[in-house]
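Step one of this worksheet: look at the structure below.
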Amino acid sequence: MSKNLISAITTVRRATTARLRAVDYLRVSTEEQVKGYGITYTGKRTKKHIANKGWDHVGTYADEGFSGSLEAHERPDLNRLMQEARQVPRPFDVVCVPEERAIGRAGRAFWPWVWELEDLGVFVAIVKGDYDNTTSEGRSRMRKAADRAEDEREIIRERTQGGLQEKAEDGGYIGGKVPYGYRVINKGIKGESRLVIDDCADCHSDCTAKHEADFLRNGRKRFVESRDWEDVAIVMNAAGYRKRNGEPWGYHSARQQILSDIVLEARQVFRGSRYVQRDADGNPIYGEPVVIKLDPIFTPEEVAELKNANKKPPRKPSTSRIYTLSGQIVSPCGKRYVGGGKGRREKQYRCQGRIAAYPGAPTCDCAYLRAEPVEEEAWKKVKRLLGDLDQLKAMADDWIGVRSGTRVNFTERIAELDKQIATQKKAVNITISMTAKQIAMEDEELSEEEAEERVAEVVAPLQQELAKLQKDRSDIASWQEESDVAGERITQLINLAEMANRRLHDMPLEKQHEFMVLIRSEVTIIGYAPQGRKGQPCALAAWFSERGLEVPLLTNEGWEKVAPLVDWKSRNLAPRTVLAGILYKARTDTPWTNVPSLFGSPATLQTYWTRWRKSGFWEQAMKALAQERGTSLPTPPPPKIKLRCLIEPETLLESECSSCESAAPGSPAARPPHRRPPRPARCPTPRCSPS
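1 is the number of the first residue of the sequence shown in the UniProt record's numbering; add one for each residue after it.
This is the structure:
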């Protein structure tokens, strides 16, 4: 006796002694919300249905604004419903939905969800049509309704995509964002809308509008003359040109629009993105890419002149420091922190918001960040995450559980469908045979073609049912294949953890940067952040750090050892006070300007520290105090950060293999740094957020 049958019998027996406990699951898409069909509206129907059935309503799960093509684990409340359904004892016996498409229009969203509930002994009830899966008749109705919902979805998509393909091939406007420098004419007129250059060609003679094509032409001319994009932004802003959102032009945005491929090549490619949906053979599902030719804004000579002016001299090898998290730290103003570059300052990050978006634009005052503490803390989290197999398994558990078949027995479903298909084929053959004999006996005047048509007409419903059963089996077989592939994730995670423990501990900074880009890390400061200095790094702290010395405490006995070395006296400030102030600054890491005034003015302390260091007195004084009790240099607490990253086992393991091959003698050159590998068609693991 199958597991789901035992669970169903158990639930039915329970119903004889107690009322069934029901929850309702409600889902409305964004489009339905706009039309006014919200959760409250659909919830009234399910609650009324539950009351009419005599069930106890014990809870509601609702996902607003979520597509029906999403699977259960991709909808927050439906995912919560499934987690609670797996509890022992179960908190409910029936899940009630207003109609089939609340579960999903796609079969891959519908059936695994229903099957797992069946295996758990939980029924699914559909308000529209008043049926459930407690009987074979109800399950058959549910299957037909699900097939019908998916067919509707495919028909709508094919019609929409086919119309767009035809319109693109005719050179029409296909919707979406209008390329800069162009505008749409005949919008709303079926088959007539298209893109034309946005300039004064169709305007009256005294037009004063600031057309987009005029900005591109004048901006191109200015850049060819000045070879300076910031100058282009200043001049065009002064002339009254603005971006589409009304903001002034910045040098980067002006450059981006004037050098746009659409503008330079005077063409737009429909379905030319690498994200276009493709079939198993790699062919586009809804049509081939179409190049839509546009009227050129620049002449070929002007394009060549612009490209020549924009040429840059060959880049010299960078001598700047390596910033492993450049562009991956979120700043308080919403921008990103980037490396502070080379120079005499200590290694630190600065916010991109400190650079004006356009001449005269406001800038942020986000503090500089000391680079080493943040980078070290982020790298510790990466090593701890990837080196902990149990944590990796826990994060991927839901994903693997849904697709690996540990909660849905695909083999059992396929076997059940095979029996139904065999029975249906037998019914078709018997019906054909009996119908043919009956026609031959009753109406001998029919021609052979007419007899065949009569037989086909009688058998058509059975053939349609057979085709649906075969389609269902094909779908489930493909889902089973996906689940078998998903089952390999555990092996990949084990290999990933072994790789992390082997490679990540001694990885150099340049490789760390490549790795952080590979996993698409994102760092957010959630607590203490080590702020960088605006000026030079503290040379006093560096003096003790480089020699591995503690900062001595200046006692009376210690001063007696240093006093004979001092050849300076002042009526206003004692040498011992100056020395004590300098040691205080080193011991507490206090900025010079914040050293207490009892030690003298900051300028005086800095002057004597520099003078003593150059004269050799400082070295002699510290040797004299070497045996005195001291304190270590202050160590700031580790920064509090949140790290988000995307763990793709195949990509990371492939990177490991590439590194090994590049390190072998005679191996081909390694992939260029900072180059991100292509993303797999389906994300193999969920996004992780170690705190």
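Ideal Cβ positions, reconstructed from N, Cα and C, are used throughout, including at glycine.
If you ignore the 5 residues before and after A85, its C-beta comes within less than 6 Å of the C-beta of L120 and V122, all in its own chain and listed in chain order. Judged by DSSP secondary structure, I414 falls within the alpha helix (DSSP H) whose first and last residues are F410 to E442.
Between V517 and A62, the alpha-carbon positions lie close to 37 Å from each other. When secondary structure is reduced to three states using DSSP, V58 falls in the strand class.
Taken atom to atom, the span from the alpha-carbon of W592 to that of T635 is near 18 Å. In the structure shown, the three-state DSSP call for R220 is helix. Contact between the region 536–546 and the region 576–589 is present, with at least three C-beta pairs closer than 8 Å.
Taking C-beta separations shorter than 8 Å and ignoring five residues to either side along the sequence, the partners of V263 in its chain run P179, Y180, G181, L216, Q257, I297 and F298, following chain order. The beta-carbon separation of V595 and Y584, rounded to 6 Å, stays under the 8 Å limit for a contact.
The residue from T363, L389, C364 and Y337 with its alpha-carbon nearest to that of V374 is Y337. Under the three-pair Cβ rule at 8 Å, the region 548–558 counts as touching the region 616–629. The three-state secondary structure of A125, taken from DSSP, is strand.
Excluding sequence positions up to five before and after G327, its CB lies within less than 7 Å of the CB of R336 and V338, all in the same chain and listed in chain order. Across the structure, K210 and L195 are spaced so that their CA atoms are roughly 18 Å apart. Within the same chain, A85, V95 and V124 come within 7 Å of L117 by CB-CB distance, once the 5 residues on both sides are set aside. In this structure, L259 lies away from L643, with their beta-carbon atoms at least 9 Å apart.
Beta-bridge annotation (DSSP): R21 is paired with D56. The three-state reading of DSSP puts K585 in helix, counting H, G and I together. DSSP places R370 within a strand segment (E or B) once states are collapsed to three. If you check the CB distance, V127 and T60 do not come in under 9 Å.
When the beta-carbon positions are compared, Q512 and W612 stay at least 9 Å from each other.
With fewer than 16 other beta carbons inside 10 angstroms of its own, T631 counts as exposed.
Residue state for V94 is assigned as strand, using DSSP reduced to three classes.
The region 592–661 contains, as complete alpha helix (DSSP H) runs of 4+ residues, the segments 602–615 and 617–624 (chain order).
Cβ neighbours of M236 within its own chain (closer than 8 Å, five residues either side excluded): F215, N218, G219, R222, W249 and A254. Note on Y323: 16 or more other CB atoms within 10 angstroms of its CB, so buried under the neighbour-count rule. In the same chain as G527, and ignoring 5 residues on each side of it, the C-beta atoms closer than 6 Å to its own belong to K640, in chain order.
Annotation for Q348: no alpha helix (DSSP H) segment contains it, though the beta strand (DSSP E) segment containing it runs Q348 to C351. In chain order, G181, Y182, R183, H211, E212 and A213 place their CB closer than 7 Å to the CB of D198, counting only its own chain and leaving out the 5 sequence neighbours on each side. Selection D472, A422 and P91 evaluated against K144 yields D472 as nearest (Cα-Cα).
Burial check for L598: the Cβ neighbour count within 10 Å stays below 16, so the residue is exposed.
Annotation for V523: the continuous beta strand (DSSP E) segment containing it runs E522 to I525. Excluding residues up to 5 positions away in sequence, V578 lie with their Cβ nearer than 6 Å to the Cβ of Y608 in the same chain. With respect to L504, G387 sits close: the two C-beta atoms are nearer than 9 Å. With 16 or more other Cβ atoms inside 10 Å of its own Cβ, P98 counts as buried. Contact between the region 424–437 and the region 452–462 is present: three or more C-beta pairs spanning the two stretches fall below 8 Å.
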